[in-house]
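Chemist: Let me give you the structure first, and then I'll get to my questions.
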């Protein structure tokens, strides 16, 4: 025998994890005490059934050894949590009473099968009845209520479940074969009348009486078994079939999801399904997954339909040590075995494969993982097996560690990030999070969230920024089953707002009312189908005039098929969803059932990835986007407008960590533009180079703080145009400083301040300079912005905008110049759907201007009235089609009418100034949505057309106007405009829209303007057609410090730290009366107020002419 004292380690206070258990003389567990002193006491009846669990809110103290008897802390009747259990004479649990006084009862039949579970909605509040009442007394106390929730169970003669009836009396039927295997399940699409007794025969009778047997909305599913009793086929409600094949050891080797439907209506035999499966075995869209096992029945290979293989390797303890995703495809069929597949792959792992390695410590815990580029993540544990450290990029200079600490009950208490900032968590006696403190060790930024719960463990109050001046409280109230109200800002009654919830008799959400009990109240109501899916949602249900309803329909698999907004009105519009056999959306049709319906048709490859998506499918305007993937599901090619002449392809390249390393737009064309990306071992983007490999290439370089926040961003890195921004953050990761043009004489800093709720309270522009301009922000307890003060640091110039809200948190007033004699307010009124109905500018003054808005049932603006009721009243009416495309805008005699193609592109626009005078413009597009032809007065004898032509990047390269004069546009590889040429010779040939013609060049007469652009895309010079150049010198902030005009005159500009022009000095040449040429410098100066308004301009400053 071994004496435990001889092997017990030396106690370590604060590190050991202690849990004490106390047993009675019958060796029953009667008390558990954790290391924090939290305790639960258990009580039993004479049959050793647990009849009560009591968890105490107060803690025990001074426990250092296991108590020999129950030791109790001070009782707290309000917060202690008691659960009572009740049993019948056969020892079956028949009822539970929770801590809030809600009773759940279970009834059994003579065979001991569960027949009814009743959740009573009536709360028992009498303390004596709660703590001492018998089950009969409790049942009498709760009585019966229409909102009690029942789930009933009815069995067939073999004791197998035949029917399950939910609380709405909707039955679900189960049917079995002779071996007791489930053959089919029928979820009926309706409810029955409760029979006098709940027998299978009586339920079947009621199903027939209710006419449910033939209901086409019933949801059925079938299972077919092989000769060994294993699941061979499953067929869902829409006829989707899945086949399972097994290896000699009974493991699933092959799973086939068929593309074809088999809409059966009765049980099928194994042979019949085999015949059906053989007929469809060669269907090209079938999805097949293979699994191959090693001799120890561990998964060795997973192979998908395309032949892509994932291999798994293990150590002697059956722990996976290596996962290999192969880039190439391998041939697999019914004759393939684990060995033949291994031979086909070979012994050498290809360089293109992605390997993930795992190693373990001597206790079998994961110690290291290595990703596809061999970056290591290391895990460390304490003696109790708890994770203490997770280190990414372990062993490298970039390594970062997150540290975890635990309390005496073994719960995570502290998380320390790479910067040393701690997030601390405290728990209540019941193991629920009571306090979460971010920045626990940094008092300047510490913020705390406190949570409290009821005795059923439901959240009743949450205080954010607890113990600070900006703390905000949200409270929750409940009935037996659900939350009934939520009060935001409960600690400030002047702005507190309540959201109230009601439920139907079956516990489903019936209404949700925001701003409950106020004039701004807005209610959303819900109705349900037989399967408790939302069938109707009515927004603004408390406003009969404006209420709008959305209707939902579902298929036999419970998937949404139709969503109709503004249901039952002339504004109704339906979106329809159709699915393939695998549940992928194959067609999405807007304005379903109308003449303008438009469908997006999707096709998928055999492993479920989107292969093509065609908008306006079946229409002349249809446009297809096609996708090609690699073995790791990365999109390698995306081809837009693949079915048109305007097709363009983007080609993507990835590394072995599946990170995008290069993306080439307009791939394969002369306009191809490649962007390359580089990363560090923490997967952070370090460099992004646009126009890679070309003279105009421009790189943005990123450096990071240890917690992944950007520290430096350098644009045009490595060139003379480089400019850098520097970012600083506090311990909570909030940006505190941003310095632009960092490290130069033009550097300017912006500072940011926050409150305990991380709301921006102050922004300092040009921080620390003589022109610093501060903006402050104030909030109410609901975190709504109430005041924004610009130039708050300069009293004379400070200007405040004040915002007022109603109980629904809708902005009702915006006052500019708040608190000053210049204050002006704009006031807003809303309807129950939160739509602005009235806007009053210069509110409550003699200059008040009113605009009213009326909406249709789809919440689209219908009527806009300016100055209603006045002589200058102006009314604008709008109409729309079912796709929300604006059809008309009518204001007096002026109107604009639009028509659209199948892609919602404007097809024609007619502007009319009266009933007899109008102008129509028609538009044509390429597959990229670019306007290639705009024709004005197309029905006139001489229509005026403008043709536009584009490169593969969508940049306009040529335009020919109605007079056949052309203008061409040139770009650098980054897409910056570099030249505009107005042609002298008109083009008189045939024009094919979308196909750029060859125009006649005239070097001596064509007028070309060229632009010189630096690598930051900034214009540094403009040269006109006469070869006259105006050039600009720029500082690091992009401001023009000198401007050299076309005659060589130089203007020098200065700016303040806010980027405002403060002076212009120009050399001028003049002749006095002595006819002698002189030069002088003319200086113009500018001053601004703290709000940025120019308040003074002095021309010829310092002279008598100023």
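In the working numbering, the protein residues as written are 178 to 1283.
Glycine included, C-beta positions come from ideal geometry on N, C-alpha and C.
Mind checking residue 625: buried by the 16 CB within 10 Å criterion, or exposed?
Modeler: buried
Chemist: Are the Cβ atoms of residue 882 and residue 844 separated by less than 9 Å?
Modeler: No, they are not a contact pair.
Chemist: Using a Cβ cut-off of 9 Å (strictly closer), state whether residue 1252 contacts chain B.
Modeler: Within the model displayed, chain B is absent; a lone protein chain is all it includes.
Chemist: Which value, in whole angstroms, describes the spacing of the CA atoms of residue 1136 and residue 1100?
Modeler: 14 Å
Chemist: What three-state label does DSSP hand residue 307 in the structure shown?
Modeler: helix
Chemist: Residue 982 and residue 989 - do their beta-carbons sit closer together than 9 Å?
Modeler: yes
Chemist: For residue 213, which option in 1181, 237, 680 has the closest C-alpha, if you only look at C-alpha atoms?
Modeler: It is 237.
Chemist: Can you tell me which of the three DSSP states residue 981 falls into?
Modeler: Correct three-state label for residue 981: strand.
Chemist: How should residue 531 be labelled, buried or exposed, when 16 other C-beta atoms within 10 angstroms of its C-beta is the threshold for buried?
Modeler: buried
Chemist: For residue 491, which three-state DSSP category applies?
Modeler: strand
Chemist: Beta carbon of residue 914, beta carbon of residue 903: below 9 Å?
Modeler: yes
Chemist: Residue 539: buried (16+ other C-beta within 10 angstroms of its C-beta) or exposed?
Modeler: With fewer than 16 Cβ atoms within 10 Å of its Cβ, residue 539 is classed as exposed.
Chemist: Check whether the Cβ atoms of residue 1033 and residue 1057 lie closer than 9 Å to each other.
Modeler: yes
Chemist: Look at residue 451 and residue 457 and say whether their C-beta atoms are less than 9 Å apart.
Modeler: no
Chemist: Candidates 581, 813, 234, 807: which alpha carbon is nearest residue 842's?
Modeler: 813
Chemist: Within this structure, are the beta carbons of residue 653 and residue 234 separated by less than 9 Å?
Modeler: no
Chemist: Alpha carbons only, please: which of 535, 509, 519, 504 is nearest the one belonging to residue 527?
Modeler: 504
Chemist: Helix or strand or just coil, what does DSSP make of residue 756?
Modeler: strand
Chemist: Report yes or no: do three or more beta-carbon pairs, one from the region 1143-1157 and one from the region 1202-1214, lie closer than 8 Å?
Modeler: Touching, no, given that fewer than three Cβ pairs across the two stretches are closer than 8 Å.
Chemist: On the CB-based measure, 16 or more other CB atoms within 10 Å of its CB, does residue 272 come out buried or exposed?
Modeler: buried
Chemist: Have a look at 865, 867, 1182, 916 and flag the residue whose alpha-carbon is nearest the alpha-carbon of residue 888.
Modeler: 916
Chemist: Can you give me the Cβ contacts of residue 1174 inside the same chain, cut-off strictly under 7 Å, excluding the 5 residues immediately before and after it?
Modeler: Same-chain partners within the cutoff: 1164, 1166, 1168.
Chemist: State buried or exposed for residue 208, treating a residue as buried only when at least 16 other CB atoms are found within 10 Å of its CB.
Modeler: buried
Chemist: DSSP on residue 385, reduced to helix/strand/coil?
Modeler: helix
Chemist: Quick check on this structure: which residue in 623, 643, 582 has the alpha carbon closest to the alpha carbon of residue 611?
Modeler: 643
Chemist: From residue 978 to residue 1209, what does the alpha carbon distance come to, in whole angstroms?
Modeler: Rounded to whole angstroms, residue 978 to residue 1209 spans 38 Å at the Cα level.
Chemist: For a test of your reading of the model: does the CB of residue 1191 fall under 8 Å from any non-hydrogen atom of the ligand NAD? Yes or no.
Modeler: Judged by which ligands are present, the structure shown has none, so any question about the ligand NAD falls away.
Chemist: Just the Cα atoms here: how many angstroms apart are residue 803 and residue 819?
Modeler: Distance between the alpha carbons of residue 803 and residue 819 is about 7 Å.
Chemist: Can you give the Cα-Cα distance for residue 955 and residue 1221, rounded to whole angstroms?
Modeler: The alpha-carbon atoms of residue 955 and residue 1221 are separated by roughly 46 Å.
Chemist: If you draw a straight line from the alpha carbon of residue 965 to that of residue 646, how long is it in whole angstroms?
Modeler: 19 Å
Chemist: Taking DSSP as the reference, what is the three-state secondary structure of residue 182?
Modeler: helix
Chemist: Report back the beta-carbon spacing between residue 1000 and residue 1234 to the nearest angstrom; my notes put them in contact at under 8 Å.
Modeler: Not confirmed; about 30 Å, so no contact.
Chemist: Which whole-angstrom value is the C-beta distance of residue 615 and residue 600, which I expect to be below 8 Å?
Modeler: 5 Å
Chemist: Per DSSP, what kind of secondary structure is residue 1085 in: helix, strand or coil?
Modeler: strand
Chemist: Keeping to the same chain, check which residues put their C-beta closer than 7 Å to that of residue 1212; ignore five residues upstream and five downstream.
Modeler: 923, 1218
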